[in-house]
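Heads up, the thing below is written out as structure tokens.
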Amino acid sequence: MKNGFVKKALAVLTAAVMTAALTACGGAAPAPAAQTSAEAGPAAEAAESAGGAIKIGGSGPLTGGAAVYGQAVKLAAEIAVEEINAKGGLQFELNFQDDAHDPEKAVTSYGVLKDWGMQVSLATVTSAPGAAVSQMYKDDNIFGITPSGSSLAVIYQDPDNAANPYGNVFQMCFTDPNQGVASADYFAGHPDLGSKIAVIYKNDDNYSSGIFAKFKAQAETNGLEIVYEGTFDDSNASDFSVQLTKAQAAEADIVYLPIYYDPASLILTQANQMGYAPTFFGTDGMDGILTLEGFDTSFAEGVYLLTPFSADADDDLTKNFVESYKARKGGEVPNQFAADAYDCVYAIAQACEAAGVTADMSASDICDALVKQFTSMTFAGLTGQSTWAESGEVSKSPKAVVIKDGVYVSAD
Amino acid sequence: MEFLSYLINGLGLGSVYAIIALGYTMVYGIAKMLNFAHGDVIMIGAYVAFFALTGLGLPLIPAVLLAMLVCTAMGVIIERLAYKPLRQASSLAVLITAIGVSYFLQNGAQLLWSSSTKVFPAVISSGFFSLGSLSISYLTLITIAVCILVMAGLTLFVNRTKTGSAMRACSEDKGAATLMGINVNFIISVTFAIGSGLAAIASVLLCSTYPSVFPTLGAMPGIKAFTAAVFGGIGSIPGAFLGGLLLGVIEILAKAYISTQLSDAIVFAVLIVVLLIKPAGLLGRKMSEKV
Numbered sequence: 041m042k043n044g045f046v047k048k049a050l051a052v053l054t055a056a057v058m059t060a061a062l063t064a065c066g067g068a069a070p071a072p073a074a075q076t077s078a079e080a081g082p083a084a085e086a087a088e089s090a091g092g093a094i095k096i097g098g099s100g101p102l103t104g105g106a107a108v109y110g111q112a113v114k115l116a117a118e119i120a121v122e123e124i125n126a127k128g129g130l131q132f133e134l135n136f137q138d139d140a141h142d143p144e145k146a147v148t149s150y151g152v153l154k155d156w157g158m159q160v161s162l163a164t165v166t167s168a169p170g171a172a173v174s175q176m177y178k179d180d181n182i183f184g185i186t187p188s189g190s191s192l193a194v195i196y197q198d199p200d201n202a203a204n205p206y207g208n209v210f211q212m213c214f215t216d217p218n219q220g221v222a223s224a225d226y227f228a229g230h231p232d233l234g235s236k237i238a239v240i241y242k243n244d245d246n247y248s249s250g251i252f253a254k255f256k257a258q259a260e261t262n263g264l265e266i267v268y269e270g271t272f273d274d275s276n277a278s279d280f281s282v283q284l285t286k287a288q289a290a291e292a293d294i295v296y297l298p299i300y301y302d303p304a305s306l307i308l309t310q311a312n313q314m315g316y317a318p319t320f321f322g323t324d325g326m327d328g329i330l331t332l333e334g335f336d337t338s339f340a341e342g343v344y345l346l347t348p349f350s351a352d353a354d355d356d357l358t359k360n361f362v363e364s365y366k367a368r369k370g371g372e373v374p375n376q377f378a379a380d381a382y383d384c385v386y387a388i389a390q391a392c393e394a395a396g397v398t399a400d401m402s403a404s405d406i407c408d409a410l411v412k413q414f415t416s417m418t419f420a421g422l423t424g425q426s427t428w429a430e431s432g433e434v435s436k437s438p439k440a441v442v443i444k445d446g447v448y449v450s451a452d
Numbered sequence: 010m011e012f013l014s015y016l017i018n019g020l021g022l023g024s025v026y027a028i029i030a031l032g033y034t035m036v037y038g039i040a041k042m043l044n045f046a047h048g049d050v051i052m053i054g055a056y057v058a059f060f061a062l063t064g065l066g067l068p069l070i071p072a073v074l075l076a077m078l079v080c081t082a083m084g085v086i087i088e089r090l091a092y093k094p095l096r097q098a099s100s101l102a103v104l105i106t107a108i109g110v111s112y113f114l115q116n117g118a119q120l121l122w123s124s125s126t127k128v129f130p131a132v133i134s135s136g137f138f139s140l141g142s143l144s145i146s147y148l149t150l151i152t153i154a155v156c157i158l159v160m161a162g163l164t165l166f167v168n169r170t171k172t173g174s175a176m177r178a179c180s181e182d183k184g185a186a187t188l189m190g191i192n193v194n195f196i197i198s199v200t201f202a203i204g205s206g207l208a209a210i211a212s213v214l215l216c217s218t219y220p221s222v223f224p225t226l227g228a229m230p231g232i233k234a235f236t237a238a239v240f241g242g243i244g245s246i247p248g249a250f251l252g253g254l255l256l257g258v259i260e261i262l263a264k265a266y267i268s269t270q271l272s273d274a275i276v277f278a279v280l281i282v283v284l285l286i287k288p289a290g291l292l293g294r295k296m297s298e299k300v
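Chains as they are written, first to last, in this note's numbering: chain U, 41 to 452; chain D, 10 to 300.
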């Protein structure tokens, strides 16, 4: 009787584990995941908006574990649209849907946006939903540019070989591999940081393992020494004592963390608890660590990260954006996702302007015009100078920043 | 040296599992039900402690006491509202209800406190001592010490007090216990209260070591602790202790010496082997007291 019950319970447990894993997935994988965007709307619908505003669609997690990214993107895009509309000239209208970082919901959102008459799109905020809708953008020939969907799967039909790009889905953020290559180059160019590298990455996450694979290849090319490779996954994302002890035992003086800031905050805290103080080096997923509620930022002191955007930059563009964002978000400093979204809207506006796009054009015509513009133009925004390849991949140089006294300072 | 460091870290992790596992095992021993909402009571404890420490600015001990108070109340209320009406229902119905309560708590927390992670303040000494070239955090040792204290206290309570005897009686035969004048409903409430109070202690230890507070925080430790309880023999208090420690040590050693990717698979493989050989768990069969 009792054993029978325990067996039943174990069966339920198994189900619960799976649910927990899925939940955790939704919670942890969000940020720079993937986005694809496609824009456009069916011709008939677009025609209805003739003389009005160009309809920009987009979806992202406004609820759930990744909500912080979706909300940042939505708010920043709204700010950009308001600013552009206030200037007169081309007018835009934004419709941003919640996809809860769920591919299925992203497909539903896409349908809603198409019914609404979307002509251009910010695609999706995160990668997994992006990968699910890119084909639809392609089929409907709607132009999309994702602020933060960094996975290759967002822009390539064959992401493993980076082949067969959709061609009308562009990225504002770096692709994952670019960051791995840039990191390895940075280490090679700065031998003073250290020579023995340990890597801790999340092996059930495309973002993290994608960066790591490229980093490893480039590190070999550059003759860097990787002394330890540690992994973790959703069910192990709290205890890093083993990975840190191994890195310490291998005498690593750089610990490379191509992961999101949540687990990174735990790694930094646990390293501090055990008195291990190598140079920690993160990628754009590390962005956000300073705004983590309750996090002791002294643990992040001296951490390097690659990011295209620094809210502390003192150019007017950044200052104005940070100010309006803070005013609308209760003083919260915008992160890189917000900056990417803001740039996306401005890039769309710039391209529409240059191509002579008007609100009465069909989504498909707009798409053809924008693809042409994007592949030939240079866009200067919050996240630096961007140009795009025909695949939709952006080219801009990641900047290394180091955290000093709780703020980002440009590293050499 | 490295091995010693892994062992201590494993015992630290295992201690947290053990304290959580006590909640599962006591409730199972007495009410014969699996309280899957237990992991979420830990989450509630973590949030209460977090707000007590950061919002109210309380020192550590009062914050822990407040968290225990809230968790104890939660445990009793959950039992009254969700489980008591199902006392005569099939065990599967109770199990599903427990899962429902678990989701209710997780989503309620998300609604109240949003899904974004909060970082638990470092309130327990974050020092360390050196062990050759490696270092061990004092926090790990404190966790192990608290676990041993809790175990000792609980064992004394169950064996030496009147309520403890009543609990043992209920676990053996509820009908006979009622005939002997024991208020079974009261004893079940006490069990939930103790289990949930311990969950609050576990939450503070858990969050001091892994300082992320988020609504699904209790899910994974809860499942691991439940595994530990089954491993040690569900219903048995020493079993939960042993199961928790072993699970922690196996997990850490598997990570260290076999593969960081396979550690969970190895933990569950060991569980399966143990259950094949001893279906009642390590200490499950022989225990006459099922508290």
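Backbone N, C-alpha and C fix where the C-beta goes; we use that ideal spot for every residue, glycine too. Fair warning: this is a prediction, and the values are worked out from it, not measured in the lab.
- Message: At the 8 Å Cβ level, is residue 296(U) part of the contact set with chain D, yes or no?
- Response: Position 256 of the first sequence, counted from the first residue, corresponds to residue 296(U). Judged by the 8 Å Cβ criterion, residue 296(U) is not in contact with chain D.
- Query: Per DSSP, what kind of secondary structure is residue 149(U) in: helix, strand or coil?
  - Reply: To locate residue 149(U), count along the first sequence from 1; it is residue 109. When secondary structure is reduced to three states using DSSP, residue 149(U) falls in the helix class.
- Message: I'd like to know whether the C-beta of residue 279(U) is nearer than 8 Å to at least one C-beta of chain D.
- Response: Stepping through the first sequence from its first residue, residue 279(U) is reached at position 239. Yes, contact with chain D.
- Message: Could you check whether the Cβ of residue 11(D) sits closer than 8 Å to any Cβ belonging to chain U?
- Response: Stepping through the second sequence from its first residue, residue 11(D) is reached at position 2. At least one chain U Cβ lies under 8 Å of residue 11(D).
- Task: Using a Cβ cut-off of 8 Å (strictly closer), state whether residue 97(D) contacts chain U.
- Result: As a first step, residue 97(D) is located in the second sequence; it is residue number 88 there, counting from the start. Cβ-Cβ to chain U under 8 Å: no for residue 97(D).
- Where does residue 374(U) fall in DSSP's three states? The sequence position of residue 374(U) within the first sequence is 334, counting from 1. DSSP places residue 374(U) in coil when its eight states are reduced to three.
- Query: Is residue 290(D) near residue 250(D), with beta carbons less than 8 Å apart?
  - Reply: As a position in the second sequence, residue 290(D) is number 281, starting the count at 1. As a position in the second sequence, residue 250(D) is number 241, starting the count at 1. Cβ atoms of residue 290(D) and residue 250(D): not closer than 8 Å.
- Name the one or two DSSP bridge partners that residue 164(U) has. What you label residue 164(U) is simply residue 124 of the first sequence in a count that begins at 1. Note: residue 164(U) sits in a beta bridge opposite 99(U).
- Query: Short check: CB of residue 137(U) to CB of residue 93(U), under 8 Å?
  - Reply: Your numbering for residue 137(U) matches position 97 in the first sequence. Your numbering for residue 93(U) matches position 53 in the first sequence. Cβ distance not < 8 Å, so residue 137(U) and residue 93(U) don't count as in contact.
- Residue range of the beta strand (DSSP E) that residue 334(U) falls in? Residue mapping note: residue 334(U) aligns to position 294 of the first sequence, counting from 1. No residue range can be given for residue 334(U), since it is assigned to no beta strand (DSSP E) and is classified by DSSP as neither H nor E.
- Determine the direct distance from the alpha carbon of residue 150(D) to that of residue 137(D), and round the result to whole angstroms. As a working note, residue 137(D) is residue 128 in the second sequence. As a working note, residue 150(D) is residue 141 in the second sequence. Spanning the two alpha carbons is a distance of roughly 10 Å.
- Give every residue of the same chain whose Cβ lies closer than 8 Å to the Cβ of residue 436(U), excluding the five residues on either side of it in the sequence, and list them in chain order. Within the first sequence, the letter at position 396 stands for residue 436(U). For residue 436(U), where only same-chain residues beyond five positions count, the Cβ hits under 8 Å are 214, 348, 423, 424, 425, 426, 427.
- Which partner residues of residue 198(U) appear in the DSSP bridge assignment? Here residue 198(U) corresponds to residue number 158 of the first sequence, with the count starting at 1. Paired residues: 203(U).
- Query: If you compare alpha carbons, which of 178(U), 220(U), 120(U), 273(U) is closest to residue 250(U)?
  - Reply: Numbered from its first residue, the first sequence carries residue 250(U) at position 210. Of the listed residues, the one whose Cα sits closest to residue 250(U) is 220(U).
- With 8 Å set as the bound, which would you pick, yes or no: does the beta-carbon of residue 60(D) sit closer than that to a beta-carbon of chain U? To locate residue 60(D), count along the second sequence from 1; it is residue 51. False, the Cβ-Cβ gap to chain U never drops below 8 Å.
- Hey, out of 96(U), 210(U), 405(U), whose CA is closest to residue 118(U)'s CA? Along the first sequence, read from residue 1 onward, the residue named residue 118(U) stands at position 78. Ranking the options by Cα distance to residue 118(U), first place goes to 96(U).
- Item | Counted within 10 angstroms of its Cβ, other Cβ atoms place residue 401(U) as buried (16 or more) or exposed | On the first sequence, position 361 is the one that residue 401(U) refers to. Looking at its Cβ environment, which holds 16 or more other Cβ atoms inside 10 Å, residue 401(U) is buried.
- Query: Which residue from 346(U), 153(U), 334(U) puts its Cα closest to that of residue 63(D)?
  - Reply: Position 54 of the second sequence, counted from the start, is the residue given in the question as residue 63(D). Taking residue 63(D) as reference, the option from 346(U), 153(U), 334(U) with the minimal CA-CA separation is 334(U).
- Task: Can you check the stretch 10-44 of chain D for any alpha helix (DSSP H) of at least 4 residues that lies completely inside it and give the ranges in chain order?
- Result: Runs of the alpha helix (DSSP H) spanning 4 or more residues and lying entirely within the stretch 10-44 of chain D occur at 11-40, in chain order.
- Item | the stretch 208-223 of chain D contacting the stretch 246-264 of chain U, beta-carbon criterion three pairs below 8 Å | no
- Report buried or exposed for residue 63(U), applying the criterion of at least 16 other Cβ atoms within 10 angstroms of its Cβ. Here residue 63(U) is taken as the residue at index 23 of the first sequence, counted from 1. Low confidence applies to residue 63(U): its pLDDT is 42, below 50, so where it sits in the model is not reliable, and the reading given next is rough at best. By the neighbour-count rule (16 or more Cβ atoms within 10 Å), residue 63(U) is buried.
- Express the C-alpha separation of residue 167(U) and residue 188(U) in angstroms, rounding to a whole number. What you label residue 188(U) is simply residue 148 of the first sequence in a count that begins at 1. What you label residue 167(U) is simply residue 127 of the first sequence in a count that begins at 1. So the alpha carbons of these two residues sit roughly 8 Å apart.
- Task: Might you give, ordered along the chain, the residues of its own chain that have their beta carbon closer than 6 Å to the beta carbon of residue 284(D), omitting 5 neighbours on each side?
- Result: Taking the first residue of the second sequence as position 1, residue 284(D) is located at position 275. So the list is empty, once near-sequence residues are dropped.
- Query: Of all the residues that make up the stretch 248-272 of chain D, which are near chain U by a beta-carbon distance shorter than 7 Å?
  - Reply: 261, 264, 265, 269, 270, 272
- Message: When you compare the CB of residue 15(D) with every CB in chain U, is at least one pair closer than 8 Å?
- Response: Taking the second sequence and counting its residues from 1, the one referred to as residue 15(D) is at position 6. Judged by the 8 Å Cβ criterion, residue 15(D) is in contact with chain U.
- Message: Cutting at 8 Å between CB atoms, please list the residues of its own chain near residue 270(D), excluding the five before and the five after it.
- Response: Indexing the second sequence from 1 puts residue 270(D) at position 261. If we look at residue 270(D) and ignore the five residues flanking it on each side, it has no Cβ neighbours.
- Item | Contact set for residue 226(U): own chain, Cβ-Cβ below 7 Å, skip 5 residues either direction | Taking the first sequence and counting its residues from 1, one reaches residue 226(U) at position 186. Excluding sequence neighbours, residue 226(U) sits near 440.
- Query: Secondary structure at residue 295(U), three-state DSSP: helix, strand or coil?
  - Reply: Numbered from 1 along the first sequence, position 255 holds the residue referred to as residue 295(U). Residue state, collapsed to three classes: strand.
- Message: Please classify residue 212(D) as buried or exposed, where buried requires at least 16 neighbouring CB atoms within 10 angstroms.
- Response: Here residue 212(D) corresponds to residue number 203 of the second sequence, with the count starting at 1. Under this definition residue 212(D) is a buried residue.
- Query: What are the residues that DSSP puts in a beta bridge with residue 435(U)?
  - Reply: Mapped onto the first sequence, residue 435(U) falls at position 395. Residue 435(U) pairs with 427(U).
- So what's residue 183(D) in DSSP terms, helix, strand or just coil? On the second sequence, position 174 is the one that residue 183(D) refers to. Helix, per DSSP.
- Below 8 Å between beta carbons: does that hold for residue 190(D) and residue 245(D)? If you number the second sequence from 1, residue 190(D) lands on position 181. If you number the second sequence from 1, residue 245(D) lands on position 236. Not in contact: residue 190(D) and residue 245(D) (Cβ atoms no closer than 8 Å).
- Message: Which residue wins for smallest C-alpha separation from residue 239(U), given the options 205(U), 158(U), 264(U)?
- Response: Within the first sequence, the letter at position 199 stands for residue 239(U). Checked all of 205(U), 158(U), 264(U); the closest Cα to residue 239(U) is 264(U).
- Task: Please go through the same chain and pick out, in chain order, the residues whose beta-carbon is closer than 7 Å to the beta-carbon of residue 20(D), but skip the five residues on each side of it.
- Result: One-based indexing of the second sequence puts residue 20(D) at position 11. Only residues of its own chain outside the window of five on either side were considered, and among them 153, 254, 257, 258 have a CB closer than 7 Å to the CB of residue 20(D), listed in chain order.
- Message: Could you tell me the alpha carbon to alpha carbon distance between residue 319(U) and residue 241(U), rounded to whole angstroms?
- Response: Residue mapping note: residue 319(U) aligns to position 279 of the first sequence, counting from 1. Residue mapping note: residue 241(U) aligns to position 201 of the first sequence, counting from 1. Going from the Cα of residue 319(U) to the Cα of residue 241(U) covers about 16 Å.
- Between residue 198(D) and the rest of its own chain, which residues show a CB-CB distance below 8 Å, the 5 nearest in sequence each way excluded? Mapped onto the second sequence, residue 198(D) falls at position 189. Closer than 8 Å at Cβ, skipping near neighbours: 85, 88, 89.
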